[in-house]
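Data first, discussion second: the structure below is written as structure tokens.
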Amino acid sequence: MTSKIQDEAPHNSFDTILVLDFGSQTSHLILRRLRALGVFAELLPCTTKIADLTWKPKGIVFSGGPSSVYDEGSPLVSGMDSSKIGPGMRLILFCSYGCQEIAWRIDSKNVARGVARGLPRFEKQYQPFSDHFVAEYGHADLKVSKINSHVDRLFAGLGEEVPVFMSHFDKLVTLPAGFVVIAATKNSEFAGIAHEEKPIFGVQFHPELEHTPCGTDILRNFSVDICGAQANWKMGDFCQLEIARIRELVGDRALVLGAVSGGVDSTVGAALMREAIGDRFKAILIDNGCMRLNECDQVKETLGKHLGINLTVVQAGDLFLSRLAGVTDPEKKRKIIGSSFIDLFEQEAIRIEKEAENTPNSGKVEWFLQGTLYPDVIESLSFRGPSATIKTHHNVGGLPERMMNGQGLRLIEPLRLLFKDEVRAIGRQLGIHESLVNRHPFPGPGIAIRILGDVTRERVEIARRADNIFISMIKEAGLYDQISQAFAGLDTNRSVGVFGDQRVWGYIIILRAVQTKDFMSAEVFNFDNAFLAEVSRRICNEVEGVARVVYDLTSKPPGTIELE
Ligand code: XMP
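Next comes the structure, spelled out in structure tokens:
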């Protein structure tokens, strides 16, 4: 549910670079690099018709992508036509696949099909255009040419040779008409190209990757120097704009219901709502019986003390645990938890309206606050439709749809344009305590998706106590801020152990700790073995029912961060 106000607000205030997504796993990194430069950027599918946009991008970046221009159904830019690359053309930077796509449109002979050496399944699929060309993947040294002040702008200040990261099967083999070469590598004669007259540039490498250290400079040259975008994307200004937008959307009578979990997203969302509409924002925390140790009390106290939010805690552990009894399928668990949350939100909405009757804040609950972040939005933008569901998540699993239909509620998503680090920056701006701003994320379904198998009160309690020991020890060792997310989960398979002279048959605790920038991929955190051994010793000694502790060494992918 988006309105004109929701869609246009940031573009009215910030120059925007549009990134058109061709399905690369790293398209979002182009945005992150641009935003880190202070340039607001938005990602849309490559099928977007630019003429249909209600706002004018300052420049456009075409991302890379996994397709070959020779594949059937490969993505093409629907809003553009190569014959229209004329004087009215906006400022464009084509990266990798984007670069091949535009060169191929000008003349299909410009692009040769590649083969992937050592990947027979690809070899079958790809008939090489040139027998000599093999896909190029990894480090390459880019030699930058000096031609003239018009085309040299993209690589200005870079030096003569810089490392870049290549990842492509197909490649440019002839120069598209009207273009000149501005950089080359050993394997790619046309690694960087620029139109002789028009402000159009193409690169075969990936400027968004860390392995292309000069990528930030290239994106700055393009967005600020070539497109003239102002680097004015600042969190303080965004907060003020967002608060004004919320006031305009909600009006001066409606009430907004918001679920708060104590995580940074919901807390920042709640703080913005409170700032915007005061007591008409009604914050509730539903205790689903699967929260961390003492979590509900701590969240209530923190929100009250620091943000002046009177949080209503709804005790619903019995309801959730009874509905979860005997359920082992992770997706079923999420769905049960999601629909139970909705039942309770619906009840709360009725209660809140009743309570507000005959008070200065009487009104209808018309809005529901959701802490959607930009990665969630991006995931649903793929040109092939929403990416295949790995897990139903995003808050509490399918929550909005049923609520919106049943209650006539509208969704308000103040963080929908932000990445996690930007949310944290806003949290600091709003004076939210650092310990809360830097808190590791915690999933809506809570410990229920950290128990492999049937969730019982006893198992939640064991996982919760083990988690508390692990996290306290991480904090005491000064490691908390180096880790993006850590927790202890529980395997309901039991293992044999020996305590004193007694044989025990207890649960297995799985410790997980990862480092990640965006939670879309993650690396395992490297603890000292002695530290892990001490965590294991304490958990086995202090948490009855545990016979063994293991450390999960799986990165994401192939694993996911949560156990289920
Ligand atoms: P995965 O397990 O998908 O997790 O690698 C990525 C991030 O998302 C969080 N997560 C969830 N958050 N409801 C949530 O609110 C969910 O159902 C859910 N599943 C995963 C996870 O904690 C991690 O930060």
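For the sequence shown, position 199 (counting from the first letter as 1) is numbered 1354 according to the working numbering, and the numbering increases by one without interruption.
Cβ atoms here follow ideal geometry from the backbone N, Cα and C, with glycine treated the same way.
{"query": "Identity of the residues DSSP links to Arg-1703 by a beta bridge", "result": "Ile-1663"}
{"query": "Alpha-carbon spacing of Gln-1470 relative to Gly-1481, whole angstroms", "result": "21 Å"}
{"query": "C-alpha distance - Asn-1376 paired with Glu-1363, whole-angstrom precision", "result": "13 Å"}
{"query": "Given His-1595 as reference, the closest of Thr-1422, Ile-1432 and Leu-1458 once Cα atoms are compared", "result": "Thr-1422"}
{"query": "Asp-1372, buried or exposed, once every other Cβ within 10 Å from all chains shown has been counted against 16", "result": "buried"}
{"query": "Buried or exposed by the 16-neighbour rule on C-beta atoms within 10 Å, applied to Leu-1297", "result": "buried"}
{"query": "beta-carbon Gly-1424 near the ligand XMP non-hydrogen atom, thresh 8 Å", "result": "no"}
{"query": "Closer than 8 Å: Thr-1715 CB and nearest the ligand XMP heavy atom", "result": "yes"}
{"query": "Phe-1805 (DSSP reduced to helix, strand or coil)", "result": "In this structure the chain extends from 1156 to 1719, so residue 1805 is not present and cannot be described."}
{"query": "Contact check, Pro-1530 vs Asp-1673, beta carbons under 9 Å", "result": "yes"}
{"query": "Any non-hydrogen atom of the ligand XMP within 8 Å of Phe-1500 CB", "result": "no"}
{"query": "Ile-1604 beta carbon near the ligand XMP (any heavy atom closer than 8 Å)", "result": "yes"}
{"query": "Pro-1200 to Phe-1177 span [Cα, whole Å]", "result": "7 Å"}
{"query": "8 Å contact criterion, which Val-1317 and Cys-1250 should meet: CB distance rounded", "result": "Wrong, their Cβ atoms sit about 16 Å apart, outside the cutoff."}
{"query": "Candidates Lys-1455, Pro-1713, Arg-1489 and Gly-1644, of which the one nearest Gly-1599 by Cα", "result": "Arg-1489"}
{"query": "Three CB pairs or more closer than 8 Å across the segment 1204-1215 and the segment 1167-1184", "result": "yes"}
{"query": "Residues sharing a beta bridge with Phe-1345, DSSP", "result": "Phe-1345 pairs with nothing; no bridge assigned."}
{"query": "Option nearest Arg-1260 by Cα separation, candidates Val-1224, Ile-1497 and Gly-1293", "result": "Val-1224"}
{"query": "Cβ separation of Asp-1622 and Thr-1483, assumed to be a contact under 8 Å, to the nearest whole Å", "result": "That belief does not hold up - the Cβ atoms of Asp-1622 and Thr-1483 are roughly 21 Å apart, past 8 Å."}
{"query": "Euclidean distance between Cα positions of Lys-1460 and Ala-1580", "result": "20 Å"}
{"query": "heavy atom of the ligand XMP below 8 Å from Ala-1677 C-beta", "result": "yes"}
{"query": "Contact test: Arg-1579 Cβ vs the ligand XMP heavy atom, cutoff 8 Å", "result": "no"}
{"query": "Ser-1639 burial status per 10 Å Cβ neighbour count (16 or more: buried)", "result": "buried"}
{"query": "Spatially closest choice to Lys-1437 from Met-1321, Arg-1506 and Asp-1262, by CA coordinates", "result": "Arg-1506"}
{"query": "Lys-1115 - containing beta strand (DSSP E), residue span", "result": "Outside the modelled stretch of the chain, which goes from 1156 to 1719, sits residue 1115, for which no answer is possible."}
{"query": "Cβ-heavy atom distance, Phe-1496 to the ligand XMP, below 8 Å", "result": "no"}
{"query": "Straight-line Cα distance separating Lys-1509 from Gln-1670", "result": "46 Å"}
{"query": "Identified DSSP bridge partners for Tyr-1292", "result": "Ser-1322"}
{"query": "Contact set for Ser-1182: own chain, Cβ-Cβ below 7 Å, skip 5 residues either direction", "result": "Val-1174, Asp-1176, Leu-1198 and Ser-1218"}
{"query": "Beta carbon of Asp-1417 nearer than 9 Å to that of Leu-1440", "result": "Here residue 1417 turns out to be Gly, not Asp, going by the sequence shown. Going by C-beta atoms, Gly-1417 is nearer than 9 Å to Leu-1440."}
{"query": "Cβ separation of Gly-1413 and Ala-1425, assumed to be a contact under 8 Å, to the nearest whole Å", "result": "6 Å"}
{"query": "heavy atom of the ligand XMP below 8 Å from Gly-1599 C-beta", "result": "yes"}
{"query": "Helix, strand or coil at Tyr-1281 according to DSSP, with G and I counted as helix", "result": "Note on Tyr-1281: pLDDT 41, under 50, position unreliable in the model; the coordinate value appears next. It is coil, neither helix nor strand."}
{"query": "Reference Ile-1604, options Ile-1716, Leu-1666 and Pro-1485, closest by Cα", "result": "Pro-1485"}
{"query": "C-alpha distance - Lys-1341 paired with Asn-1303, whole-angstrom precision", "result": "23 Å"}
{"query": "Given Asn-1167 as reference, the closest of Phe-1334, Phe-1360, Gln-1385 and Pro-1354 once Cα atoms are compared", "result": "Gln-1385"}
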